[in-house]
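>
In the numbering used here, the protein residues as written are 55 to 376.
What follows is the structure, encoded as structure tokens:
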């Protein structure tokens, strides 16, 4: 009843306050020409970056507004090491320089007389020590004959500092059948949800691309992440073949800045069931500021390192086609 009353009041308010607003006068406001500089620096990849300009709110976005005439310097621990060159085919500034773990990487350029600069540290790697998988089913989750794959990913958190991570898991074979990812039972993602719920009520830990987390509550411990994959078996549908059941697990060590950036992106999602997301869509609440560590412009220069393992689920937990 309380929810229905809120929606009724909201509908009446929207009806009473409806009017046309001309946004054209705001095109020239300060910030509309800020350079957006984005880069993820990691030891297993050469340094590259994108540079673009913000899009106006009411414009239809068909492609990024690339800036292709910059000279972007790369510094490692304060020392110049290379200059990024623009690749028109990829739309990125690229180099052949690979940073080392522990290095402080700075990207610096000049745009319209302003120095634009972002700095982050390439974190030390974290190692996936073990992955196990358990199969449960058939069980009624969405349909009568669903199956659940429970994955346990073990790693050790370094005790000397606050640490941040990003976990993703996906099929090894392109276009292979993948069940619904379920992060909701894992402690670190419950902590993430509590943090995000302060600005995005109702958000629950779900993503098809992976989620960040911190070491809050597990600092310095050997911890096993528990996540699931729900294989929905609607009437007439088939289960994955043995080859389709190979899964790639990627655990990134990320910096605090990268973590804050990712959390701010999640907190601005408007395509979810949370109250805040719905209010953003209706224009009744301000979006939260996206975290940036780029001075003289906006964007993110973020450091990360990767640990990766592939699991053959059929070999570990049994084939669906004996």
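Idealized CB from N, CA, C, for every residue including glycine.
Looking only at its own chain, which residues have a Cβ that is under 7 Å from the Cβ of residue 369, when we skip the five neighbours before and after it?
none
> For residue 288, collect the residues of the same chain with a Cβ closer than 6 Å to its Cβ; drop the 5 residues on either side in sequence, then sort them by chain order.
Around residue 288: 197.
> Please report how far the alpha carbon of residue 185 lies from the alpha carbon of residue 165, in whole angstroms.
47 Å
> Going by C-alpha to C-alpha distance, which of 280, 234, 276, 303 sits closest to residue 261?
234
> Taking all protein chains shown into account, decide if residue 359 is buried (16 or more other Cβ within 10 angstroms of its Cβ) or exposed.
buried
> Find the nearest neighbour of residue 217 within the set 371, 357, 160, 268, judged by alpha-carbon distance.
Nearest option by C-alpha distance: 268.
> With DSSP collapsed to three states, give me the class of residue 300.
strand
> Give me the Cα-Cα distance between residue 88 and residue 108, rounded to the nearest whole angstrom.
7 Å
> Any idea what DSSP makes of residue 354, helix, strand or coil?
strand
> So which of 302, 99, 163 has the shortest CA-CA distance to residue 128?
163
> Is the beta carbon of residue 103 less than 7 Å from the beta carbon of residue 147?
yes
> Rounded to whole angstroms, how far is the Cβ of residue 95 from the Cβ of residue 355, which I believe are closer than 8 Å?
With 8 Å as the limit, residue 95 and residue 355 qualify as a contact, their Cβ atoms being about 7 Å apart.
> What span of residues does the alpha helix (DSSP H) with residue 276 cover, start to end?
Per DSSP, residue 276 belongs to no alpha helix (DSSP H); it is in the beta strand (DSSP E), 276–285.
> Report the rounded CA-to-CA distance for residue 292 versus residue 364, giving the unit in angstroms.
About 23 Å.
> In terms of alpha-carbon separation, which member of 321, 222, 304 lies closest to residue 258?
Residue 321 holds the alpha-carbon nearest to the alpha-carbon of residue 258 among 321, 222, 304.
> From the DSSP output, which residues share a beta bridge with residue 271?
Bridge partners of residue 271: none, in fact.
> Rounding to the nearest angstrom, what Cα-Cα distance links residue 373 and residue 176 in this structure?
So the alpha carbons of these two residues sit roughly 40 Å apart.
> Looking at residue 91: is its Cβ nearer than 7 Å to the Cβ of residue 256?
One thing to note: residue 91 has its Cβ no nearer than 7 Å to the Cβ of residue 256.
> Could you pull out every residue in the same chain whose Cβ sits closer than 8 Å to the Cβ of residue 170, ignoring the five residues on either side in sequence?
89, 91, 162, 163, 164, 348, 349, 350, 351
> What does a CB cutoff of less than 6 Å around residue 93 pick up in its chain, not counting 5 residues either side in sequence?
103, 161, 355
> Return the chain-ordered list of same chain residues with a C-beta closer than 7 Å to the C-beta of residue 222, the five sequence neighbours on each side being excluded.
Hits under 7 Å: 263, 264, 304.
> Does the Cβ-Cβ distance between residue 204 and residue 188 come in under 7 Å?
yes
> Could you tell me if residue 40 is buried or exposed, where buried requires 16 or more neighbouring beta carbons within 10 angstroms of its beta carbon?
No answer is possible for residue 40: it lies beyond the span of the chain, which begins at 55 and ends at 376.
> What does the Cβ neighbour count give for residue 153, buried or exposed, with the cut at 16 atoms within 10 Å?
buried
> Among residues of its own chain, excluding the 5 on either side of residue 238, which ones have a beta-carbon nearer than 7 Å to its beta-carbon?
258, 259
> Measuring only the C-alpha atoms, how far is residue 219 from residue 143?
32 Å
> Here's a check: name, in chain order, each residue in its chain whose Cβ is nearer than 8 Å to the Cβ of residue 271, leaving out the five neighbours to either side.
241, 242, 245
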